[in-house]
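Single-structure report; data block below.
Here's what the structure looks like:
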């Protein structure tokens, strides 16, 4: 199996990508879209093969460059566009694409990340083999069998995957959009909360499992009650409902705190009795 990275001005990331790739495959090739001696030195030092691609950076042209290298034929090839959106942690998942039962598997970037063309499919349209030409496609990762690689190399740069020979099994997908800054912050916050929740459960300590939620509920209930008192004025059904909610939240918080404290004391007493009889 062969792993191919297609890169431009990614010297700092190539070394780690090639080193990691060698752990999974027999051979790692880097196709550079520009001559860069620093890249060449780094790739060859990491154990990869470096080649400069002189033609347009389209899938058929890159496939032809790969075939012209006269490397030993391999059953499967995975090609990855190494850019700012690609993450090293995705490498095992992308290499697993070689096990898919397709001669050609192409994962396009999300249409919002495609800067090659202004003729982008509508957001309601599904991406198909006829959605993009190779010239307009922003491809993130591809996987080929040897037949698929030869078929792609024979294709026209201005053609579409729909023009490939019918005897080839072709699959096209569109990747999810890259999260924005605010979305990443939300994901980070959710991850931290999940880690805190997991730590609370793993601790199995009553003052942590019941005490921390108790403090949170009590604080929320207290602030709700304080805000209701500050409002003043005549009380209608809404204010009565808020008052009942504040009471319920505060009561749950106090009950949780007391339960945690009681369980902690009982645990200490049980440990003391066991110690006396051991």
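Numbering (the working numbering), first residue to last: 842 to 1119. Beta carbons: idealized from backbone N, C-alpha and C, even for Gly. Since the structure is predicted, the reported quantities are computational estimates derived from the model, not experimental observations.
Once you ignore the five residues that flank residue i on each side, which residues in its own chain have a CB closer than 6 angstroms to its CB?
| i | result |
| --- | --- |
| residue 868 | 843 |
| residue 898 | 874 |
So, for residue i: in the same chain, excluding its five sequence neighbours on each side, which residues have a beta-carbon less than 7 angstroms away from its beta-carbon?
| i | result |
| --- | --- |
| residue 1093 | 1058 |
| residue 902 | 896 and 998 |
| residue 857 | 929 |
Cβ atoms of residue j and residue i: under 8 angstroms apart, would you say?
| i | j | result |
| --- | --- | --- |
| residue 865 | residue 855 | no |
| residue 905 | residue 984 | no |
| residue 922 | residue 1011 | no |
| residue 1098 | residue 1049 | no |
| residue 1065 | residue 1053 | no |
| residue 986 | residue 944 | yes |
| residue 876 | residue 893 | yes |
| residue 977 | residue 950 | no |
| residue 1100 | residue 1051 | yes |
Among the options, which one has its Cα closest to the Cα of residue i?
| i | options | result |
| --- | --- | --- |
| residue 891 | 1016, 1033 and 910 | 910 |
| residue 989 | 974, 1102 and 1006 | 1006 |
| residue 974 | 1000, 863 and 918 | 1000 |
| residue 850 | 857, 948 and 874 | 874 |
| residue 1008 | 991, 1098 and 1015 | 991 |
| residue 1089 | 1060, 1113, 1105 and 926 | 1060 |
| residue 1063 | 1053, 972 and 1095 | 1095 |
| residue 862 | 935, 878 and 915 | 935 |
| residue 878 | 899, 852, 1051 and 857 | 852 |
| residue 924 | 980, 1079 and 1034 | 980 |
| residue 1045 | 1104, 1113 and 950 | 1104 |
| residue 907 | 872, 1071 and 1110 | 872 |
| residue 1067 | 1047, 1079 and 1091 | 1091 |
| residue 946 | 900, 1039 and 880 | 900 |
| residue 815 | 933, 1081 and 1107 | Given that the chain is displayed from residue 842 to residue 1119, the structure contains no residue 815 and the question cannot be resolved. |
Taking DSSP's pairing of strands, which residues face residue i in a bridge?
| i | result |
| --- | --- |
| residue 849 | None, per the DSSP bridge assignment. |
| residue 873 | 848 and 893 |
| residue 922 | 847 |
| residue 931 | Residue 931 is not bridged to any residue. |
| residue 786 | One cannot answer for residue 786 here, as it falls past the ends of the chain, which runs 842 to 1119. |
| residue 947 | 983 and 1013 |
| residue 914 | Bridge partners of residue 914: none, in fact. |
| residue 1117 | In the DSSP output, where bridge partners are listed per residue, residue 1117 has none listed. |
| residue 868 | 843 |
CB-CB under 8 angstroms to residue i, same chain, minus the five flanking residues each way: which ones, in chain order?
| i | result |
| --- | --- |
| residue 912 | 843, 868, 870 and 890 |
| residue 1079 | none |
| residue 888 | 859, 860, 863 and 869 |
So residue i and residue j are in contact, right, with Cβ under 8 angstroms, and what is the actual spacing, rounded?
| i | j | result |
| --- | --- | --- |
| residue 1014 | residue 948 | 5 angstroms |
| residue 859 | residue 884 | 6 angstroms |
| residue 1069 | residue 1084 | 6 angstroms |
For residue i and chain C, any beta-carbon pair shorter than 8 angstroms?
| i | result |
| --- | --- |
| residue 1061 | You won't find chain C in this structure, because it holds only one protein chain. |
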